[in-house]
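Asker:
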Amino acid sequence: MIPEVWAPRAAAVALRAPSRGDDIPLQRREGGWWRADIELESGEEYGFVLDGADAARPDPRSRRQPRGVHDLSAVFDPGEHEWRDAAWTGRQLAGGLVYELHLGTFTPEGTLDAAAERLAHLVDLGVDFVELLPVNSFNGVHNWGYDGVLWYAVHEAYGGPAAYQRFVDACHAAGLGVIQDVVYNHLGPSGNYLPEFGPYLRDAEANTWGSSIDLDEAEVRRHIIDNALMWLRDHHVDGLRLDAVHALVDNRPVHILQELAESADALSVHLGRPLTLIAESDMNDARLIAAREADGYGLTAQWSDDYHHALHVALTGETSGYYADFAPLSALVKASTRGFFHDGTWSSFRGRNHGHPIDPRIPTWRLVTFSQDHDQVGNRAAGDRLSQSLDEGGLAIAAVLTVLSPFTPMLFMGEEWAASTPWQFFTSHPEPELGEATARGRRAEFERMGWDESIVPDPQDPETFQRSKLRWDEKDAGVHARILGLYRRLIALRRLRGEFADPDFRAVEAAADEERRWFRLRRGRSEIVVNFAPEAVSLPLAGADEVLLATDPRATIDDGELSLPPRSAIVVTQARG
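Everything in the sequence shown is counted per our numbering, starting at 901 for the first residue and increasing by one.
As structure tokens, then:
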């Protein structure tokens, strides 16, 4: 590797490589770039000394940080891995099912190699894509991953970049695509030396997590685009989940999201396999996923939090905060048939009208929906899952309306067996003052929302992290085994019946009864009927003469009349004749 770095703020830059002796001055190049005319070998450690400072800084594009984000980088050659996935042709997101996991808590070991040993479970379940929470380098040992500061490096505690390549190879051998969660909207609070090199941040503009990224700078945009291409090209990843794109403030004529989509599409043609970009967005604006020919950005898909909110309220009855607008079952009807609930309507949480309608010509699979995910679980005061508040009937309903929704379903690790473990907010900041500030801010946030701060775990307590690890020994017994069996049957049914993969918004119909608490979702010849109420309901069911699945064996159809037990769901169809 030839050492080079973008450092327009430095008057002098030197390379510090312990194996080479004294610091080696770099030569200034055009556009704020610096370069040394030497070749570093794979594994050599190095850093950059700015303006004669005592300490060397890691390479902003470091591929490996053996001793953490404050120390020297190490050369990593991605071409050294002998890939075994030459026959892998990729996976389209359409018709797929995504499984979101956090490496540190997915297995007891918390490593990429340990996660690879659990892939058979995901294959047996029927998963198509594994989505990894961020793996880029952050300070400390364990973290959600959204405090990363070196976007090109894989966190060493997970196994580093070589283990990452082994993991992707193992996924492809098992028939699984890999989606990597990436964060381009902010940098973490510890170990961020990028502003010493150049204007990466707009200090005068901030988002929820700190200073915003300066997208007016061409080299900062290049830093993002090149990073995205690195995952897709060098690590053979099949897609990226783009974190909180509403926090990307871009004043350029062509938005950075469109540039990302264009770059990924070009690479897809070159590689001969589909590449997927999924945006997490709070904007409820389908321009993200509209075709560029229709003045959209051309991303593959985006999350729809509205579907989660409507389903969560229907299941739990919680109506505090942003859940307030989703109190009636009609919210679930609208989110199921139109994708967004807020599509220009009044949002009481925001205090304004919010969102835009989705063009019904956009395929339904371009929305990714879920009943649980890392945010909606982990950002609760106690990090409690649905399994810690719902009865078995409620968990079964959640499974049915997640897997058989009109959209691309996503499961959160352990959801498929109603994991008993919480998933809490955890950090391991080595700086005591930062750790205390994080814990204090967490308590204050929930106190403002009316929660009892005594139930908010200390993010810095190692037990908070340990409590969040999945317990694999529980999945094959009792209610866990029954829920796991239900998810397997639902995923198989979704594959078997073409109507559950129909992407046409106009082919989706829904209705609900607010008083009796039933909900119906029609998909072509099949229909899902749900009873959210604590007592049985009866309702006419004309034309349905075959039961595809029932979450409660007491459900009956007699002479066109459906009797549905409390807290249960049934899937019925018209037999072809």
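Virtual Cβ for every residue (Gly too), placed ideally from N, Cα, C.
Everything numeric in this text was worked out from a predicted model, so none of it was measured.
Following the continuous beta strand (DSSP E) through residue 948, name the residue where it begins and the one where it ends.
Answerer: Unbroken beta strand (DSSP E) run through residue 948: 945–950.
Asker: Once the 5 residues before and after residue 977 are set aside, which same chain residues still bring their CB inside 6 Å of it?
Answerer: Excluding residues within five positions, the ones whose Cβ falls inside 6 Å are 942.
Asker: Can you give me the C-alpha to C-alpha distance between residue 1164 and residue 1175, rounded to a whole angstrom?
Answerer: So the alpha carbons of these two residues sit roughly 7 Å apart.
Asker: Along the chain, which unbroken stretches of the alpha helix (DSSP H) at least 4 residues long are found entirely within the segment 1115–1197?
Answerer: As far as the segment 1115–1197 is concerned, its whole alpha helix (DSSP H) runs of at least 4 residues are 1118–1133 and 1156–1171.
Asker: Only counting the same chain, and skipping five residues up and downstream in sequence, which positions put a Cβ closer than 6 Å to that of residue 959?
Answerer: The residues are 973.
Asker: Distance, Cα to Cα, residue 1306 vs residue 1297?
Answerer: Distance between the alpha carbons of residue 1306 and residue 1297 is about 15 Å.
Asker: With a threshold of 8 Å on Cβ separation, who are the neighbours of residue 1229 within its own chain once the five nearest residues in sequence on each side are excluded?
Answerer: Cβ neighbours of residue 1229 beyond the five flanking positions: 1214, 1412, 1413, 1414, 1417, 1419 and 1432.
Asker: Expressed to the nearest angstrom, what Euclidean distance is found between the alpha-carbon atoms of residue 1143 and residue 1021?
Answerer: The straight-line gap from Cα to Cα measures roughly 27 Å.
Asker: Find the nearest neighbour of residue 1249 within the set 1240, 1224, 1277 and 1301, judged by alpha-carbon distance.
Answerer: Comparing Cα-Cα distances from residue 1249 to each of 1240, 1224, 1277 and 1301, the minimum goes to 1224.
Asker: What is the C-beta distance between residue 1405 and residue 1264, in whole angstroms, given that I count them as a contact (C-beta under 8 Å)?
Answerer: About 6 Å; that satisfies the 8 Å criterion.
Asker: Alpha carbon to alpha carbon, what distance is there between residue 1147 and residue 964?
Answerer: If I take the Cα positions, the gap works out to 27 Å.
Asker: Buried or exposed for residue 1034, please, with buried defined as at least 16 other CB atoms from any protein chain shown within 10 angstroms of its CB.
Answerer: Classification for residue 1034: buried.
Asker: At the level of alpha carbons, what is the spacing between residue 1070 and residue 993?
Answerer: About 19 Å.
Asker: Which residues bound the beta strand (DSSP E) around residue 1370?
Answerer: Element bounds for residue 1370: n/a, residue is neither H nor E.
Asker: Taking residue 1186 and residue 1256 to be in contact with their CB atoms under 8 Å, please state how far apart those CB atoms are, rounded to whole angstroms.
Answerer: Right, their Cβ atoms sit about 7 Å apart.
Asker: Decide if residue 1396 is buried, meaning its Cβ has at least 16 other Cβ atoms within 10 Å, or exposed.
Answerer: Its Cβ having fewer than 16 others within 10 Å, residue 1396 is exposed.
Asker: In the DSSP assignment, what are the bridge partners of residue 1310?
Answerer: 998, per the DSSP bridge assignment.
Asker: Can you check which of these residues, 1236, 1145, 905 and 932, is closest to residue 1302 by C-alpha distance?
Answerer: Among 1236, 1145, 905 and 932, the Cα nearest to that of residue 1302 is on 1236.
Asker: Once DSSP output is grouped into helix, strand and coil, what is the label at residue 1113?
Answerer: Residue state, collapsed to three classes: strand.
Asker: Apart from the five residues just before and just after residue 850, which ones in its own chain have a Cβ nearer than 8 Å to its Cβ?
Answerer: There is simply no residue 850 to check, as the chain begins at 901 and stops at 1477 in what is shown.
Asker: Whose C-alpha, out of 934, 933, 911 and 1129, is nearest the C-alpha of residue 951?
Answerer: Nearest of 934, 933, 911 and 1129 to residue 951, Cα basis: 911.
Asker: Check whether the segment 1321–1332 touches the segment 1364–1378, taking contact to mean three or more Cβ pairs, one atom from each stretch, closer than 8 Å.
Answerer: Result yes; three or more Cβ-Cβ pairs closer than 8 Å.
Asker: Give the single residue among 1171, 906, 1364 and 939 whose Cα lies nearest to the Cα of residue 929.
Answerer: With distances taken between Cα atoms, residue 929 lies closest to 906.
Asker: Once DSSP output is grouped into helix, strand and coil, what is the label at residue 973?
Answerer: Strand at residue 973.
Asker: Mind checking whether residue 1194 and residue 1145 have CB atoms under 9 Å apart?
Answerer: Cβ atoms of residue 1194 and residue 1145: not closer than 9 Å.
Asker: For residue 1252, which residues in the same chain have their Cβ closer than 8 Å to its Cβ, ignoring the five residues on either side in sequence?
Answerer: Only 1246 meet the Cβ criterion.
Asker: Can you name the start and end residues of the beta strand (DSSP E) that residue 931 belongs to?
Answerer: Careful: residue 931 lies outside any beta strand (DSSP E) and carries neither H nor E.
Asker: My understanding is that residue 1336 touches residue 1346, with C-beta atoms under 8 Å, so please give their C-beta distance in whole angstroms.
Answerer: Their Cβ separation, rounded to whole angstroms, is 17 Å, which puts residue 1336 and residue 1346 out of contact at 8 Å.
Asker: If distances are taken between C-alpha atoms only, which option among 1285, 1130, 1389 and 1448 comes closest to residue 1472?
Answerer: Nearest of 1285, 1130, 1389 and 1448 to residue 1472, Cα basis: 1448.
Asker: Could you check whether residue 1074 and residue 1023 sit closer than 9 Å to each other, using their CB atoms as the reference points?
Answerer: Result yes, Cβ atoms of residue 1023 and residue 1074 sit closer than 9 Å.
Asker: Given 8 Å as the limit, is there contact between the segment 975–990 and the segment 1032–1050, that is, 3 or more CB pairs closer than that?
Answerer: No: fewer than three Cβ pairs fall under 8 Å.
Asker: Going by other Cβ atoms of all chains shown within 10 Å of its Cβ, with 16 needed for buried, is residue 982 buried or exposed?
Answerer: By the 10 Å Cβ count, residue 982 comes out exposed.
Asker: Below 8 Å on the Cβ atoms is my guess for residue 1355 versus residue 1282; work out the distance and round it to an integer in Å.
Answerer: Yes, they are in contact, since the Cβ atoms of residue 1355 and residue 1282 sit about 5 Å apart, within 8 Å.
Asker: On the CB-based measure, 16 or more other CB atoms within 10 Å of its CB, does residue 1169 come out buried or exposed?
Answerer: Exposed is the call here.
Asker: For residue 1260 and residue 1439, I'd like the C-alpha separation in whole angstroms.
Answerer: Going by the C-alpha atoms only, they are around 30 Å apart.
Asker: Spatial neighbours of residue 1289 within its chain, please: C-beta separation below 7 Å, excluding the five flanking residues on both sides.
Answerer: Answer for residue 1289: 1216, listed in chain order.
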